[in-house]
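Here's the structure, in structure tokens; my notes come after.
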Amino acid sequence: EEIWCQTVIVDPNTDYALSAWITPVLNLNNAILQFTINSDTIGESFTAKPTECQWNEFFEIWNSGINTSAKICITNENRASNGNDFAMDDIALNKVCYQRDSVRVTVIDSISFELNNDTSICPGDNINLTADTLFDNDFTYNWSTGESSKDITVSTPEIYHLTVTHFSGCSGADTTKIEKIANPESKLYEDTTVCLSIKGGLDLNPGSAKWFLWNHPNGTDTSQIFKAEIPGIYDVTLFNGTNCFTTDRVEIKNFCATELFIPNSFTPNGDDRNDTFGAEAIETYYYHLQILNRFGKIIFESFDIQNRWSGDDAPEGVYVYYLDYRLVNKEFGVLNNFRKIGTVTLIR
1 EEIWCQTVIV DPNTDYALSA WITPVLNLNN AILQFTINSD TIGESFTAKP
51 TECQWNEFFE IWNSGINTSA KICITNENRA SNGNDFAMDD IALNKVCYQR
101 DSVRVTVIDS ISFELNNDTS ICPGDNINLT ADTLFDNDFT YNWSTGESSK
151 DITVSTPEIY HLTVTHFSGC SGADTTKIEK IANPESKLYE DTTVCLSIKG
201 GLDLNPGSAK WFLWNHPNGT DTSQIFKAEI PGIYDVTLFN GTNCFTTDRV
251 EIKNFCATEL FIPNSFTPNG DDRNDTFGAE AIETYYYHLQ ILNRFGKIIF
301 ESFDIQNRWS GDDAPEGVYV YYLDYRLVNK EFGVLNNFRK IGTVTLIR
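Mapping of the sequence shown onto our numbering: position 196 corresponds to residue 196, and the numbering continues sequentially without gaps.
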């Protein structure tokens with residue numbers, strides 16, 4: 001049943017706040033109240049607290065719509081036979097005062113960037129590390145080195161870490177690995193002696209590196225393989241980086257012994273002139289001479305340049321010879337192996 005009603009004047013199309021306070025006076029069959037305005041239910045049923053003198057507030061918003069008056073009624077829905085006692089206070093219907101403000105919310109894109117690619121440096125070299133994305137002053141930088149600048153210069157091979165943080169708390173991170181470059185290893189010849197004219201020069205290859213610098217008797221060169229065509233000292237520097245280098249040197253000496261002389265005929269007639277066949281030279285050589293007849297049979301063989309073929313028991317004719325020798329010099333040692341193949345005519 002309705003326990004209270006009152007009509008008040010209201011402005012159309014206006015929000016009003018309906019409020020009231022209630023407390024039980026006797027903790028028995030607590031009141032259950034329903035508020036209405038112009039017979040329309042306002043809010044849910046409102047139940048008093050179970051403890052005496054414990055106040056509970058009712059509060060709802062109501063819009064007047066086209067109405068210019070509001071009949072406010074309160075109905076007690078608890079109709080127990082022994083009744084209930086409660087108290088109400090501050091029943092009010094007030095206009096709602098609105099205050100408006102605005103706030104801009106900016107959604108920060110995920111913070112993504114990349115540091116320098118992993119790379120290698122030489123001892124003593126420096127490298128600048130920086131993110132590939134430029135951030136404004138709303139961001140802070142935290143390097144694993146403890147630095148807080150946008151970029152840093154380092155010289156120690158290790159793994160470097162950068163965290164970029166926006167003032168909102170969003171952050172992103174990346175790492176880069178800096179390794180040490182080893183000095184190149186030279187595989188250049190030891191000092192050596194060759195007959196440059198026979199070999200057509202000597203290719204000097206010091207091995208692998210990123211770049212090269214030769215200093216030689218005729219100037220400089222930057223190729224990996226350099227052909228030495230004249231005797232002299234050849235210096236080479238192998239670089240894997242500005243401060244990663246190895247130097248080496250080789251001395252090339254040129255020696256070409258006197259050529260052997262081999263006659264193309266001999267006359268074993270006992271006149272002490274051209275009576276034997278063999279090589280003639282002023283140096284000492286490794287020496288191996290073979291004489292073959294027309295059937296390919298070896299009929300004479302010598303390992304001593306002084307042991308020459310006399311032609312005894314051999315008929316006149318043309319014979320094939322094979323001569324293997326090595327040029328030898330007391331100062332320079334063994335140089336080259338050679339083979340000569342030819343024919344000699346025995347004349348009686």
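Cβ atoms here follow ideal geometry from the backbone N, Cα and C, with glycine treated the same way.
Note that this is a predicted model, so its numbers are computed, not measured.
Endpoints, beta strand (DSSP E) assigned at residue i
{"i": "Q34", "result": "32 to 37"}
{"i": "D11", "result": "From DSSP, D11 is part of no beta strand (DSSP E); its letter is neither H nor E."}
{"i": "K177", "result": "171 to 180"}
{"i": "Y16", "result": "15 to 24"}
{"i": "L93", "result": "86 to 95"}
{"i": "C53", "result": "It is not in any beta strand (DSSP E) - C53 carries neither H nor E in the DSSP assignment."}
{"i": "K210", "result": "Note, K210: premise wrong, no beta strand (DSSP E); not H, not E."}
{"i": "C122", "result": "Counting along the chain, C122 falls outside any beta strand (DSSP E), and DSSP gives it neither H nor E."}
{"i": "I252", "result": "244 to 254"}
{"i": "D221", "result": "219 to 221"}
{"i": "A70", "result": "69 to 76"}
{"i": "V107", "result": "First-last for V107: undefined, no H or E at that position."}
{"i": "I159", "result": "159 to 166"}
{"i": "D151", "result": "151 to 154"}
{"i": "D271", "result": "First-last for D271: undefined, no H or E at that position."}
Exposed unless 16 or more other CB atoms sit within 10 angstroms - verdict on residue i
{"i": "C244", "result": "buried"}
{"i": "N30", "result": "buried"}
{"i": "S64", "result": "buried"}
{"i": "P123", "result": "exposed"}
{"i": "G342", "result": "exposed"}
{"i": "A131", "result": "buried"}
{"i": "A182", "result": "exposed"}
{"i": "F303", "result": "exposed"}
{"i": "V105", "result": "exposed"}
{"i": "Y98", "result": "exposed"}
{"i": "A28", "result": "This sequence places Leu at residue 28; Ala is not what is there. Label assigned to L28: exposed."}
{"i": "I3", "result": "exposed"}
Alpha-carbon spacing of residue i relative to residue j, whole angstroms
{"i": "L289", "j": "T246", "result": "48 Å"}
{"i": "F338", "j": "L238", "result": "36 Å"}
{"i": "L26", "j": "K49", "result": "11 Å"}
{"i": "I350", "j": "C5", "result": "Residue 350 lies beyond the stretch modelled for the chain, which goes from 1 to 348, so this question has no answer here."}
{"i": "I74", "j": "C170", "result": "54 Å"}
{"i": "K177", "j": "I252", "result": "44 Å"}
{"i": "D118", "j": "R100", "result": "54 Å"}
{"i": "G352", "j": "S110", "result": "Only positions 1 to 348 of the chain appear in this structure, which leaves residue 352 out of reach."}
{"i": "I9", "j": "A80", "result": "35 Å"}
{"i": "L134", "j": "N116", "result": "14 Å"}
{"i": "I298", "j": "G278", "result": "15 Å"}
{"i": "D312", "j": "P268", "result": "8 Å"}
{"i": "E200", "j": "G232", "result": "Reading off the sequence shown, one finds Gly at residue 200, where the question assumed Glu. The straight-line gap from Cα to Cα measures roughly 16 Å."}
{"i": "N218", "j": "L202", "result": "15 Å"}
{"i": "F295", "j": "D271", "result": "30 Å"}
{"i": "E147", "j": "E179", "result": "20 Å"}
{"i": "D151", "j": "N137", "result": "14 Å"}
{"i": "D125", "j": "T153", "result": "10 Å"}
{"i": "T14", "j": "I37", "result": "14 Å"}
Under the three-state DSSP convention, the category residue i falls into
{"i": "S81", "result": "coil"}
{"i": "L188", "result": "coil"}
{"i": "L196", "result": "helix"}
{"i": "K297", "result": "coil"}
{"i": "K227", "result": "strand"}
{"i": "T237", "result": "strand"}
{"i": "Q358", "result": "Residue 358 lies beyond the stretch modelled for the chain, which goes from 1 to 348, so this question has no answer here."}
{"i": "N114", "result": "A small fix is needed here, since residue 114 is Glu in this sequence, not Asn. Coil."}
{"i": "E60", "result": "strand"}
{"i": "L134", "result": "coil"}
{"i": "G278", "result": "coil"}
{"i": "T145", "result": "coil"}
Any non-hydrogen atom of the ligand PLP within 7 Å of residue i CB
{"i": "S64", "result": "In terms of ligand content, the structure shown is empty, and the ligand PLP therefore cannot be addressed."}
* To do: Determine, using beta-carbon pairs with one atom in the segment 182 to 192 and one in the segment 153 to 168, whether at least three such pairs fall under 8 Å.
  => no
* To do: Flag this pair as touching only if the segment 253 to 273 and the segment 132 to 149 have three or more C-beta atom pairs under 8 Å; answer yes or no.
  => no
* Pair every Cβ in the segment 11 to 28 with every Cβ in the segment 51 to 66, then say whether three or more of these pairs are closer than 8 Å. => As far as the Cβ criterion goes, the segment 11 to 28 touches the segment 51 to 66, which means the pair count is three or higher.
* Quick one: any contact between the segment 223 to 231 and the segment 195 to 213, if contact means 3 or more CB pairs under 8 Å? -> yes
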